[in-house]
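Peer 1:
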Amino acid sequence: MSPDATANPTGREAVAAVWRIESARIVGALARYTSDFALAEDLAQEALAEALVTWPREGVPRNPAGWLLTVGRRRAIDAFRRRSALDQRYAALAHDLGEGGVASGNAPGDPARDAADVLWDPDQIDDDVLALMFIACHPLLSREAQVALTLRVVGGLTSDEIAKAFLIPTATVQARITRAKKTLGAARVPFAVPAAAERAERLGSVLSVVYLIFTEGSSASSGSDLIRFDLAREAQRLARVLTRLVPDEPEAFGLLALLELTAARFPARTGPDGEPVLLEHQDRRRWDRAAIRRGRAALARAERLGRGLGAYGLQAAIAECHAVAASVDETNWERIVLRYEALGRLAPSPVVDLNRAVAVCMARGPAAALPIVDELAAAQALPNSHLLPSVRGELLTRLGRIDQARAELRLALELCGNERERAVLQRKLADLG
0 MSPDATANPT GREAVAAVWR IESARIVGAL ARYTSDFALA EDLAQEALAE ALVTWPREGV
60 PRNPAGWLLT VGRRRAIDAF RRRSALDQRY AALAHDLGEG GVASGNAPGD PARDAADVLW
120 DPDQIDDDVL ALMFIACHPL LSREAQVALT LRVVGGLTSD EIAKAFLIPT ATVQARITRA
180 KKTLGAARVP FAVPAAAERA ERLGSVLSVV YLIFTEGSSA SSGSDLIRFD LAREAQRLAR
240 VLTRLVPDEP EAFGLLALLE LTAARFPART GPDGEPVLLE HQDRRRWDRA AIRRGRAALA
300 RAERLGRGLG AYGLQAAIAE CHAVAASVDE TNWERIVLRY EALGRLAPSP VVDLNRAVAV
360 CMARGPAAAL PIVDELAAAQ ALPNSHLLPS VRGELLTRLG RIDQARAELR LALELCGNER
420 ERAVLQRKLA DLG
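Position one of the sequence shown corresponds to residue 0 (numbering that gives the first Met the number 0), numbered consecutively onward.
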């Protein structure tokens with residue numbers, strides 16, 4: 000501890016910083032030691048609570064992550080004692096830690112030995128975090144629970160932060176996490192990286208959760224902000240972690256490329272007051288060129304892996320078309336149409352078809368695009384989304400069918416939950432007179 004720690008103003012900030020960076024590895028190490036994922040997450044939270052009390056008062060320890068792990072391991076011993084489970088797990092944990100250490104994490108015996116002891120096996124770190132991601136995205140859990148648990152145990156976000164990001168009550172987030180841990184415990188899900196065949200099957204779920212987190216961050220479904228930067232950045236961080244954990248999976252790199260290339264446009268997507276700026280009006284000089292380079296490098300890596308681009312890779316290739324174009328008019332819209340057609344065959348969805356319609360409009364005109372959108376409307380696709388009537392209203396406007404365009408934009412306005420996007424729709428309606 001630092002010698003002058005009685006009034007350390009940075010203690011709580013240090014706890015937050017260390018937790019955000021190291022929480023996944025701490026929870027993973029504790030889960031490996033205890034063979035109990037739910038217990039490990041609880042132990043890590045107890046260690047975090049202890050740090051919030053101790054570090055501001057006594058100073059930040061020299062090895063903050065090790066301090067948290069030591070406290071978590073001691074709390075594990077206490078938990079096993081309370082359960083009267085003095086079995087081999089308790090013996091293994093207690094052997095190296097020794098007896099008599101205080102609950103705050105001050106190590107008994109030889110400090111140098113204990114400092115080395117809390118540095119977990121570096122060969123296990125990646126496996127621990129990968130196991131956490133696959134457990135958090137286990138198919139037994141609902142998608143909402145998967146998202147909450149991923150942000151909690153892998154992302155290190157608090158329940159309050161998750162609730163704020165998704166504009167739901169903190170109690171709802173806590174309930175989802177609690178139910179998820181009980182579900183995993185009841186099913187006796189082991190703390191381990193799934194076997195290769197099962198991992199391949201479940202990787203899609205992990206990727207989709209990260210993508211869902213980013214999607215909500217990049218285009219908030221409700222609230223007063225168009226972009227929730229913290230949520231989007233957390234998804235980017237999780238995608239980077241995934242590429243390190245599964246370096247031979249092209250879709251992990253495809254997802255990372257998509258997130259980087261999409262986030263590159265963030266600086267130009269909103270004006271000074273936070274109002275949305277449509278693609279054709281964005282100042283491309285404000286696009287993040289470093290993010291574009293990172294995204295293109297990730298996309299190139301996905302292509303080099305030689306198994307063809309998946310759904311995320313194809314979306315990244317579309318984003319790359321925008322990233323390299325000097326303007327909307329100079330964008331290779333025909334190439335984008337072809338890639339949306341390929342994406343529609345690989346991962347068909349109404350959203351893909353709607354985006355293809357927009358690309359067709361830009362490449363061949365609104366008359367060519369309207370039948371695609373009309374077909375979606377007839378099939379009642381995306382019934383609760385403002386996107387379909389918004390696009391249809393734009394196409395009808397370009398075709399001079401103003402009365403029909405007004406009706407579509409009014410419907411879009413009714414369905415839109417984001418205040419910033421509603422303002423754009425209201426301006427479009429006003430422009431129609």
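Here a beta-carbon is modelled for each residue, glycine too, at the ideal position from N, C-alpha and C.
With distance defined between alpha-carbon atoms, name the residue in Ala-404, Thr-69, Arg-142 and Ala-238 nearest to Val-153.
Peer 2: For the residues Ala-404, Thr-69, Arg-142 and Ala-238, the minimum Cα distance to Val-153 belongs to Ala-238.
Peer 1: Taking 8 Å as the threshold, find out whether the region 373-386 comes into contact with the region 409-420 through three or more Cβ pairs.
Peer 2: The region 373-386 is in contact with the region 409-420.
Peer 1: Return the chain-ordered list of same chain residues with a C-beta closer than 6 Å to the C-beta of Gly-294, the five sequence neighbours on each side being excluded.
Peer 2: Excluding positions up to five away in sequence, the list reads Ala-256, Glu-259 and Leu-260.
Peer 1: Are the CB atoms of Asp-127 and Arg-31 within a distance shorter than 8 Å?
Peer 2: Against a cut-off of 8 Å, the Cβ pair of Asp-127 and Arg-31 comes out as a contact.
Peer 1: Does the distance from the C-beta atom of Ala-23 to that of Gly-216 stay below 8 Å?
Peer 2: Going by C-beta atoms, Ala-23 is not nearer than 8 Å to Gly-216.
Peer 1: Where are the beta strand (DSSP E) runs, 3 residues long or more, that stay fully inside the region 210-271, in chain order?
Peer 2: Listed in chain order, nothing qualifies, since the region 210-271 has no complete beta strand (DSSP E) run of 3 or more residues.
Peer 1: Secondary structure at Asn-383, three-state DSSP: helix, strand or coil?
Peer 2: Coil, per DSSP.
Peer 1: So, do the region 327-339 and the region 361-380 have three or more beta carbon pairs nearer to each other than 8 Å?
Peer 2: The region 327-339, when compared against the region 361-380, does touch it at the 8 Å Cβ threshold.
Peer 1: Mark Ala-234 as exposed unless 16 or more other C-beta atoms lie within 10 angstroms of its C-beta, in which case mark it buried.
Peer 2: With 16 or more Cβ atoms within 10 Å of its Cβ, Ala-234 is classed as buried.
Peer 1: Three-state secondary structure (DSSP) at Asn-331?
Peer 2: Note: Asn-331 maps to coil in three-state DSSP.
Peer 1: Do Thr-169 and Leu-140 count as a contact pair if the criterion is CB distance below 8 Å?
Peer 2: In this structure, Thr-169 does not lie closer than 8 Å to Leu-140 by Cβ.
Peer 1: Going by C-alpha distance, which of Ala-301, Glu-302, Leu-47 and Pro-266 is nearest Ala-290?
Peer 2: Among Ala-301, Glu-302, Leu-47 and Pro-266, the Cα nearest to that of Ala-290 is on Pro-266.
Peer 1: Indicate the three-state DSSP secondary structure (helix, strand or coil) for Pro-349 in the structure shown.
Peer 2: Three-state result, Pro-349: helix.
Peer 1: DSSP three-state label for Asn-354, please.
Peer 2: In the structure shown, Asn-354 sits in a helix (DSSP, three-state: H, G or I).
Peer 1: Whether or not the region 371-378 and the region 398-405 are in contact is what I'm after, with contact meaning three or more pairs of Cβ atoms, one per stretch, closer than 8 Å; do they touch?
Peer 2: Cβ pair count under 8 Å is below three, so no.
Peer 1: In angstroms, rounded to a whole number, what distance separates the CA positions of Glu-45 and Lys-163?
Peer 2: Answer to the nearest angstrom: the Cα atoms are 22 Å apart.
Peer 1: Per DSSP, which residues does Asn-417 bridge with? Please list them.
Peer 2: According to DSSP, which records beta bridges pairwise, Asn-417 is partnered with Gly-222.
Peer 1: Would you mind reading off the limits of the alpha helix (DSSP H) that contains Asp-287?
Peer 2: Note, Asp-287: premise wrong, no alpha helix (DSSP H); not H, not E.
Peer 1: From Ala-310 to Asp-352, what does the alpha carbon distance come to, in whole angstroms?
Peer 2: Their Cα atoms are separated by approximately 14 Å.
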